[in-house]
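**Student:**
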Amino acid sequence: MEDDDIEESSWPSAATANRGGSSGGGYTDIRKEILDRLMAKGIEEVVSDPSAFSEQLHWHFERLPASSYSIDLDVDKPEDVLLHCRILDECANNPDKRPIFHVRFLKRRGSEPNERMMEDLSLETRNVVDDSEDSSARRDIVIHEIIVSSIAKPKLLAELSALLSAVGLNIREAHVFSTTDGFCLGAFVVDGWGIEETDDLLQKLKETTARSHASLSNPTNSAREDW
Numbered sequence: 182m183e184d185d186d187i188e189e190s191s192w193p194s195a196a197t198a199n200r201g202g203s204s205g206g207g208y209t210d211i212r213k214e215i216l217d218r219l220m221a222k223g224i225e226e227v228v229s230d231p232s233a234f235s236e237q238l239h240w241h242f243e244r245l246p247a248s249s250y251s252i253d254l255d256v257d258k259p260e261d262v263l264l265h266c267r268i269l270d271e272c273a274n275n276p277d278k279r280p281i282f283h284v285r286f287l288k289r290r291g292s293e294p295n296e297r298m299m300e301d302l303s304l305e306t307r308n309v310v311d312d313s314e315d316s317s318a319r320r321d322i323v324i325h326e327i328i329v330s331s332i333a334k335p336k337l338l339a340e341l342s343a344l345l346s347a348v349g350l351n352i353r354e355a356h357v358f359s360t361t362d363g364f365c366l367g368a369f370v371v372d373g374w375g376i377e378e379t380d381d382l383l384q385k386l387k388e389t390t391a392r393s394h395a396s397l398s399n400p401t402n403s404a405r406e407d408w
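Residues 182 to 408 in our numbering are what the sequence shown spells out, letter by letter.
Written as structure tokens, this is what we have:
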């Protein structure tokens, strides 16, 4: 992994974060704005029963640490909260499928200047002449987001990072939250998967988990260890 590029954070459980204050109190405004934006977008599961969804949204925010989860939310992307709800619910309701992964393409970007310089020197050494389209394609860095949910356990961030590294991914940002009911929600921004398509990446994550990181599916009771 490229340590210089990693923006990493891991927070205590929601119960700990909310201790000493009113649980979820800091969420009121952002929760209302997200609900309003989802309603405005006409999303079926929201507009079909706004009262029920409002309760679901309230529970979602209450189970996560108020001091950190809200900081990472982008109210311009309210669908992200909906996605997080779905992933956590799937994790809770389908123990045989844990961990739950969701992979999506974020963007392409050009390589950093020092990366381009090293590439140009390498090309000169080999006397290789590429057309501009091939050269541009090689310089692009494809960035994905991987969202994961499983049972919360000690050293989870380290184990998830090791899993992504085993798949060949470089972590650029890492955020892991634990919930009041014993689950976790992790979001990783990564590069290293050279194409936008995500099906094969999702499959490789599942296969690597089953082969080398089975404890993510069946965590052992090691509550006395450090996070």
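The beta-carbon is built from N, C-alpha and C at its ideal position, and this holds for glycine as well.
Who are the Cβ neighbours of Thr389 in its own chain at under 7 Å, not counting the five residues just before and after it?
**Tutor:** Excluding sequence neighbours, Thr389 sits near Leu344, Ala347, Val348.
**Student:** What are the start and end residues of the beta strand (DSSP E) that includes Val256?
**Tutor:** That residue, Val256, is in no beta strand (DSSP E); it is neither H nor E in DSSP.
**Student:** Looking at C-alpha atoms only, which residue of Ala395, Ile376, Ile252, Val262 is the closest neighbour of Glu340?
**Tutor:** Glu340 has its Cα closest to that of Ala395, out of Ala395, Ile376, Ile252, Val262.
**Student:** Lys334: which of Ala233, Arg212, Phe364 sits nearest, CA to CA?
**Tutor:** Comparing Cα-Cα distances from Lys334 to each of Ala233, Arg212, Phe364, the minimum goes to Phe364.
**Student:** For Ile376 versus Ser330, is the C-beta spacing smaller than 8 Å?
**Tutor:** Result no, Cβ atoms of Ile376 and Ser330 do not sit closer than 8 Å.
**Student:** Taking DSSP as the reference, what is the three-state secondary structure of Asn351?
**Tutor:** Of the three classes helix, strand and coil, the one that applies to Asn351 here is strand, per DSSP.
**Student:** So does the stretch 227-243 actually touch the stretch 278-293, counting three or more Cβ pairs closer than 8 Å?
**Tutor:** Contact between the stretch 227-243 and the stretch 278-293 is absent, because fewer than three Cβ pairs lie under 8 Å.
**Student:** Does DSSP put Lys336 in a helix, in a strand, or in coil?
**Tutor:** Note: Lys336 maps to coil in three-state DSSP.
**Student:** Tell me the rounded alpha-carbon separation between Ser229 and Pro280.
**Tutor:** Distance between the alpha carbons of Ser229 and Pro280: 30 Å.
**Student:** Between the C-alpha atoms of Leu382 and Glu326, what's the straight-line distance to the nearest angstrom?
**Tutor:** The alpha-carbon atoms of Leu382 and Glu326 are separated by roughly 11 Å.
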